[in-house]
Amino acid sequence: MTAPAPATATAAPWDTLNGQYQLCPGTPRSIVGQRPVLGAGRLGRLLRGQRGEQVGRTLSSVFTLCAHAHRGTAELALAVAQGEAGAAPPSPPPLLLWVETARDHLRSIALDWPQRLPSLSADRPALEWLRDCPLPLATATRLDAAAAGAALDALRLWLEQRVFQQSASSWLSAHRDPDALAHWCHAQAARLPPAHCLASWQPMAHALRPEMRGLNVLDEDAALQRAQLRQLAQTLVDQPDFAQQPTWLGQCFENGPWTRLRHRQTQTATPHSAWTRLSTRWLELIEIAAASAPTQSLGRVALLATGAMKLGPGQALAWCEMARGLLLHWVQLDAQGAVQDYQVVAPTEWNFHPDGALARAVAALPAGDTLGASTLAAAFDPCVLCTIKQV
686 MTAPAPATAT AAPWDTLNGQ YQLCPGTPRS IVGQRPVLGA GRLGRLLRGQ
736 RGEQVGRTLS SVFTLCAHAH RGTAELALAV AQGEAGAAPP SPPPLLLWVE
786 TARDHLRSIA LDWPQRLPSL SADRPALEWL RDCPLPLATA TRLDAAAAGA
836 ALDALRLWLE QRVFQQSASS WLSAHRDPDA LAHWCHAQAA RLPPAHCLAS
886 WQPMAHALRP EMRGLNVLDE DAALQRAQLR QLAQTLVDQP DFAQQPTWLG
936 QCFENGPWTR LRHRQTQTAT PHSAWTRLST RWLELIEIAA ASAPTQSLGR
986 VALLATGAMK LGPGQALAWC EMARGLLLHW VQLDAQGAVQ DYQVVAPTEW
1036 NFHPDGALAR AVAALPAGDT LGASTLAAAF DPCVLCTIKQ V
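Numbering (our numbering), first residue to last: 686 to 1076.
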């Protein structure tokens, strides 16, 4: 299941469990909507009394787009909550997260991007380029580490032979620069749908430059990271609807693949734009495919960070850098080891906060600028339905 494309609408109900958002360009209240399952303690009540794999199955059915990330993060949170204080958290093989994150990126690029550009599907079959792709867009099978490694190897070879005609690492070296990537996308647009999508968005996306304030709660300094995560967890506990409109240290932050911990090593003076946010997803797909060994990392920081920490008796916080950004799970178990309360803080709620960078960027658009609003929606990539209000 993929997030439906931003559509135009005049009104939308907000009373469904999964919810939706509406962007209203040129108005002070530029983002309307929410995800009801995350508010008023609903998720905790839904999971109350559940244990072990049942928790992961329930979360996978609620958060279908990134079910693997929610299941894996839940397993980490439960294991640490049940463990002894000071015990090392489980360390799942990174390849499992890598291959499923690559699958999520590929699925969004293949299915969601063309929906947001109707001219593409009218020109040619949008999925023809994936005809011989070795990584299925969906799977009911949970891979083991060996199968995940083989899947990534096959994906890398397919990209190198079918898409780039050169090694993935060589292509990345030549196209990390935003202007170089834009040039490549325009040159390849006629034959490759992802390049067509990016080339179509590039002029508008390059001009849209929302303020960038990344969620830097993870850190290379382990002690600082623990302190920051503990502070964030306490805020989550103290504020009942934190998961629907999260802030940290009293401020709004954005949360996406462009705010990864590893990117802080290589940040440049290049201003962030909707273009850099959009293109990060394509670049990360290639980076994951190019990372050929389970121990490979970029510098000293893992390709995708994940972990968990015990906060108190039966209480833990787990995190995972997944396709859309940093995912957080908080759990409190009862004396019998069943869920007493549970909260999820997902990237969409950070990015679609009514006072966040996206909200300010949409408010600054001319009234009725559906193209600009749709481009911003694609850049910030919500995991629920997002519509654009017609004037």
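We put the CB at the ideal spot given by N, CA and C, even for glycine.
For D1026, three-class secondary structure by DSSP
Residue state for D1026 is assigned as strand, using DSSP reduced to three classes.
Run through DSSP, which three-state label would V902 get?
Three-state DSSP puts V902 in coil, outside helix and strand.
Below 6 Å CB to CB, which residues in the same chain sit around T965 once its five sequence neighbours on both sides are set aside?
The beta carbon of T965 is closer than 6 Å to those of P942 and W943 in its chain, skipping five residues each way along the sequence.
DSSP-derived helix/strand/coil call for A1003:
For A1003, the secondary structure class from DSSP, reduced to helix, strand or coil, is strand.
Residue ranges of each alpha helix (DSSP H) within the stretch 841-889, 4 or longer:
Listed in chain order, they are 853-860 and 863-873.
Taking the continuous beta strand (DSSP E) assigned at A993, which residues delimit it?
Residues T991 to G997.
Delimiting residues of the alpha helix (DSSP H) encompassing A1035
Looking at the sequence itself, residue 1035 is Trp, so the reference to Ala does not match. Where W1035 is concerned, the enclosing alpha helix (DSSP H) starts and stops at P1032 to N1036.
Over what stretch of residues does the beta strand (DSSP E) that includes V1016 continue unbroken?
G1010 to L1018 is the span of the beta strand (DSSP E), which, as asked, contains V1016.
Beta-ladder partner(s) of W933, from DSSP
Paired residues: Q936.
Would you kindly check if the distance between the Cβ of W1015 and the Cβ of V922 is under 9 Å?
V922 places its beta carbon less than 9 Å from that of W1015.
Is E760 buried or exposed, if buried means 16 or more other CB atoms sit within 10 Å of its CB?
E760 comes out buried.
Just grab the DSSP bridge partners of I716 for me.
In the DSSP output, where bridge partners are listed per residue, I716 has L708.
At what residue ranges does the stretch 731-771 contain a whole run of the alpha helix (DSSP H), taking only runs of 4 or more?
The DSSP assignment places 737-747 and 752-767 as complete runs of the alpha helix (DSSP H) inside the stretch 731-771, in order along the chain (cut-off: 4 residues).
So the alpha helix (DSSP H) S1059 belongs to, where does it begin and stop?
Residues T1055 to F1065.
For D904 and Q913, believed in contact at Cβ under 8 Å, the rounded distance
Rounded to the nearest angstrom, the Cβ distance from Q913 to D904 is 7 Å, consistent with a contact under 8 Å.
What residue from S855, L946 and R801 has the CA that sits closest to I1073's CA?
The shortest C-alpha separation from I1073 is found at R801.
Three-state secondary structure (DSSP) at G726?
If DSSP states are grouped into helix, strand and coil, G726 belongs with coil.
How big is the Cα-Cα spacing for Q873 and A880?
For Q873 and A880, the distance between alpha carbons rounds to 6 Å.
Straight-line CA distance for G724 to E1034?
Note on geometry: alpha-carbon atoms of G724 and E1034 lie some 11 Å from one another.
Is A928 closer than 9 Å to V1030 when the C-beta atoms are compared?
Yes, the Cβ-Cβ distance between V1030 and A928 is below 9 Å.
Quick check: A890 and A1048, are their CB atoms within less than 9 Å of each other?
Taking 9 Å as the cut-off, the Cβ atoms of A890 and A1048 do not count as close.
Classify A772: buried if its beta carbon has 16 or more other beta carbons within 10 angstroms, exposed otherwise.
So A772 counts as exposed.
C-alpha gap between T1060 and Q887, whole angstroms:
CA-CA distance, T1060 to Q887, rounds to 9 Å.
Helix, strand or coil for S793 per DSSP?
If DSSP states are grouped into helix, strand and coil, S793 belongs with the helices.
For L988, which residues of its own chain have a beta-carbon under 8 Å away from its beta-carbon, when the five flanking residues on both sides are left out?
Correct list, in chain order: P779, W783, R947, E972, I973, A976, Q981 and S982.
DSSP three-state call for A892: helix, strand or coil?
Helix.
Contacting residues, own chain, Cβ-Cβ under 7 Å from A795 (five flanking each side not counted)
Short of 7 Å from the beta carbon of A795, and not among the five residues preceding or following it, lie these beta carbons of its own chain, in chain order: L812, L815 and L822.
Going by CA-CA distance only, name the one from V1024, A1001, T991 and A867 that's closest to L1011.
Here the closest residue by C-alpha is T991.
Does DSSP put D1040 in a helix, a strand or coil?
Correct three-state label for D1040: coil.
Got a sec? Which residues, its chain only, sit under 7 Å from G729 by beta carbon, not counting five neighbours each side?
Here the set comprises D1026, Y1027 and Q1028.
Excluding five sequence neighbours on each side, which residues of the same chain lie with their C-beta closer than 7 Å to the C-beta of T786?
Listed in chain order, the non-local C-beta contacts of T786 below 7 Å within the same chain comprise I973, L989, M1007 and A1008, local neighbours out to five positions each way being set aside.
Give me, in chain order, the residues of the same chain whose beta-carbon lies closer than 7 Å to that of P878; leave out the 5 immediate sequence neighbours on both sides.
Only P799, L805, A811 and W814 meet the Cβ criterion.
Closest by C-alpha distance to H868, when choosing among L1002, S852 and S885:
That would be S885, whose Cα lies nearest to the Cα of H868.
Apart from the five residues just before and just after Q735, which ones in its own chain have a Cβ nearer than 7 Å to its Cβ?
Beyond the five residues adjoining it in sequence on each side, Q735 comes within less than 7 Å, by CB distance, of T743, A1023 and V1024 in the same chain, given in chain order.
Return the residue from the list L963, F938, P931 and W1004 that minimises the CA-CA distance to Q633.
What is shown of the chain runs 686 to 1076, which leaves residue 633 out entirely.
Once you ignore the five residues that flank M897 on each side, which residues in its own chain have a CB closer than 6 Å to its CB?
Excluding its 5 nearest sequence neighbours in each direction, M897 has C-beta neighbours in its own chain below 6 Å: H957, listed in chain order.
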